[in-house]
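Numbering (UniProt numbering), first residue to last: 1 to 269.
Worksheet: one structure, shown below.
Put into structure tokens, the structure is as follows:
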């Protein structure tokens, strides 16, 4: 029986370029919640990670956690709806961490209200962060992906894209991200770049905690009620979304593109 040759480390292979350089990922809205979980997971998988959020100081905890675990990370404060700020941030990432070839558009806000009460400012703010922000970040980062002939784009949609009472702005933005994702897959596929969307269901985050407060119930009551409506019998955690991102950005996920994956504990859409 002959000896088998050593197999390459799979994580190392998927997070390095052909020249052995570490691949760089950008995660927006990464100071807390889903974005923070994604940033930590990608760092654990071997990526250098740019942690972006509106407040740079708020990113410090996530960056410190990544560095304490032996990873490389960079905190940047940026308003993703600001064209000049986005371009400057992406250029800084390229300069300090390396050319970004993974982009996770996670930054988001809510301005919930019934349609007849919703202001133009509420509508514009949500569209600005979710849609304009994802467009600006992707446009700035795709340059590095096409030059490398390898890239992974993951956009965070939501089950609210299917419609949700009191969220005309948020639902429209999240549905728009799905169309945006499919178009990116068509346009960028020939450059070795994939684009996919993740549509989370109920995830326990600060955002859902704030919703419970507006409803006048405890967070625990909110979680318990939500879990009863989910086939797997529990609510989602940020790490559930991070695990899905980790799959989509893998080297061997290169034939998965233009898809919307509902991570909701049961069938949607």
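By construction, the Cβ of each residue, glycine as well, lies at the ideal position given by its N, Cα and C atoms.
### Message
Using 9 Å as the threshold, is the C-beta distance between residue 79 and residue 103 below it?
### Response
no
### Query
For the candidate residues 49, 112, 179, 40, whose alpha-carbon lies nearest to that of residue 258?
179
### Task
Could you tell me the boundaries of the alpha helix (DSSP H) in which residue 176 lies?
168–188
### Message
Among the candidates 40, 172, 74, whose CA atom is the shortest distance from the CA of residue 159?
### Response
172
### Query
How is residue 16 classed by DSSP in three states: helix, strand or coil?
strand
### Message
Between which two residues does the beta strand (DSSP E) holding residue 198 run?
### Response
193–200
#### Entry: Where residue 164 falls: helix, strand or coil (DSSP)
coil
### Query
Looking at residue 248 and residue 177, is the spacing between their C-beta atoms short of 9 Å?
no
### Message
Can you tell me whether residue 256 is helix, strand or coil according to DSSP?
### Response
coil
### Query
Cβ of residue 149 within 9 Å of Cβ of residue 105?
no
### Message
Assuming residue 156 and residue 108 are in contact, meaning their beta carbons sit under 8 Å apart, how far apart are those beta carbons, in whole angstroms?
### Response
7 Å
### Query
Using CA coordinates, which residue listed in 243, 223, 185, 195 is at the minimum distance from residue 43?
243
### Task
Please confirm whether residue 141 and residue 26 have their CB atoms less than 9 Å apart.
yes
### Message
Would residue 202 and residue 166 qualify as a contact pair, given that the criterion is a beta-carbon distance under 9 Å?
### Response
no
### Task
May I ask you to report which of helix, strand or coil DSSP gives residue 21?
coil
#### Entry: Beta-carbon proximity check, residue 24 vs residue 89, cutoff 9 Å
no
### Task
Let me know if residue 6 comes out buried or exposed under the rule of 16 or more other beta-carbons within 10 Å of its beta-carbon.
Low per-residue confidence applies at residue 6: pLDDT is 47, beneath 50, and the placement is therefore not dependable, though the value from the model is reported in the following sentence. Classification of residue 6: exposed, given that the 10 Å Cβ count is below 16.
### Query
Where do the N-terminal and C-terminal ends of the alpha helix (DSSP H) with residue 138 fall, by residue?
133–148
### Task
Determine the DSSP secondary structure at residue 245, reduced to helix, strand or coil.
helix
### Query
Among residues of its own chain, excluding the 5 on either side of residue 110, which ones have a beta-carbon nearer than 6 Å to its beta-carbon?
170
### Query
If you check the beta carbons only, do residue 66 and residue 51 fall under 9 Å apart?
yes
#### Entry: Range of the contiguous alpha helix (DSSP H) that encloses residue 223
219–227
### Task
Keeping to the same chain, check which residues put their C-beta closer than 6 Å to that of residue 264; ignore five residues upstream and five downstream.
159, 201
### Message
For residue 163, tell me which candidate among 208, 209, 115, 119 has the shortest Cα-Cα distance.
### Response
115
### Query
Is residue 44 helix, strand or coil when you go by DSSP?
helix
### Task
Would you give the residue range spanned by the alpha helix (DSSP H) that residue 63 belongs to?
60–68
### Query
Roughly how many whole angstroms lie between the Cα atoms of residue 333 and residue 245?
Any question about residue 333 goes unanswered here, given that the chain covers just 1 to 269.
### Cβ-Cβ separation, residue 266 to residue 288 (assumed contact under 8 Å), whole Å
It is not possible to answer for residue 288, since the shown part of the chain is limited to 1 through 269.
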